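**Student:**
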Amino acid sequence: MTLPIIALLPLLTAWLPAVLVPRGRNACAWAAAAITAPALLLLLRLAPGVFAGEAIEADWPWIPALGLNASFRLDGLALLFALLILSFGVLVILYARYYLLQRDGVALFHVEAGSASPPLLLVHGWCCDHAYFAPQFEHFVD
Numbered sequence: 015m016t017l018p019i020i021a022l023l024p025l026l027t028a029w030l031p032a033v034l035v036p037r038g039r040n041a042c043a044w045a046a047a048a049i050t051a052p053a054l055l056l057l058l059r060l061a062p063g064v065f066a067g068e069a070i071e072a073d074w075p076w077i078p079a080l081g082l083n084a085s086f087r088l089d090g091l092a093l094l095f096a097l098l099i100l101s102f103g104v105l106v107i108l109y110a111r112y113y114l115l116q117r118d119g120v121a122l123f124h125v126e127a128g129s130a131s132p133p134l135l136l137v138h139g140w141c142c143d144h145a146y147f148a149p150q151f152e153h154f155v156d
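Take the position in the sequence shown, starting the count at 1, then add 14; the result is the number in the working numbering.
#1: In or out: Ala79 buried (at least 16 other Cβ within 10 Å) or exposed?
#2: Using beta-carbon positions only, say whether Ala46 and Ile99 come within less than 8 Å of one another.
#3: If Glu71 sits next to Arg87, beta carbons under 8 Å apart, how far is it from one beta carbon to the other, in whole angstroms?
#4: Following the continuous alpha helix (DSSP H) through Leu105, name the residue where it begins and the one where it ends.
#5: Would you kindly work out how many angstroms separate the C-alpha atoms of Gly103 and Leu57, rounded to a whole number?
#6: Starting from the Cα of Pro31, find the closest Cα among Ala84, Asp73, Cys42 and give me that residue.
#7: Expressed to the nearest angstrom, what Euclidean distance is found between the alpha-carbon atoms of Phe65 and Gly90?
#8: Taking the straight line between their C-alpha atoms, what separation do you get for Gly38 and Leu55?
#9: Closest to Ile49 by CA distance: which of Ile19, Tyr109, Pro36 is it?
#10: Taking C-beta to C-beta, are Thr27 and Leu60 nearer than 8 Å?
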């Protein structure tokens, strides 16, 4: 059950920095870091199993009538990228607090470039990638 929490925590709590804008940039930065850091700590708890060669999986029926399942898998490569994304995310969030001014759109930065960035980028890239590249390759297919 830990894998879905790691994946969904930044998405479900991305609104928090935006709500804390009236309290200042410190509140926004610490809220965004407080969202990302627990996901990183949960991921680090799973690392010993992955280092032992285990692939950690979580799977449950999502839409059983269509045979769709929600599945998460953590192997060595996934662990590497998740650690990179979450650890650099925390560092960028905390560093940005010192050079962003209140008028620079602090909330927007922490929502889009902070804790929810990797999932938002994945969805955006997934949708735009297909819309852009599908017409490009049509003339190659008979």
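The C-beta atom is built at its ideal place from N, Cα and C for all residues, glycine as well.
As the structure is a computational prediction, the values presented were derived from the model and not from experiment.
**Tutor:** Straight from the coordinates:
#1: Per the 10 Å Cβ criterion, exposed.
#2: no
#3: 5 Å
#4: 90-113
#5: 14 Å
#6: Cys42
#7: 7 Å
#8: 26 Å
#9: Ile19
#10: no
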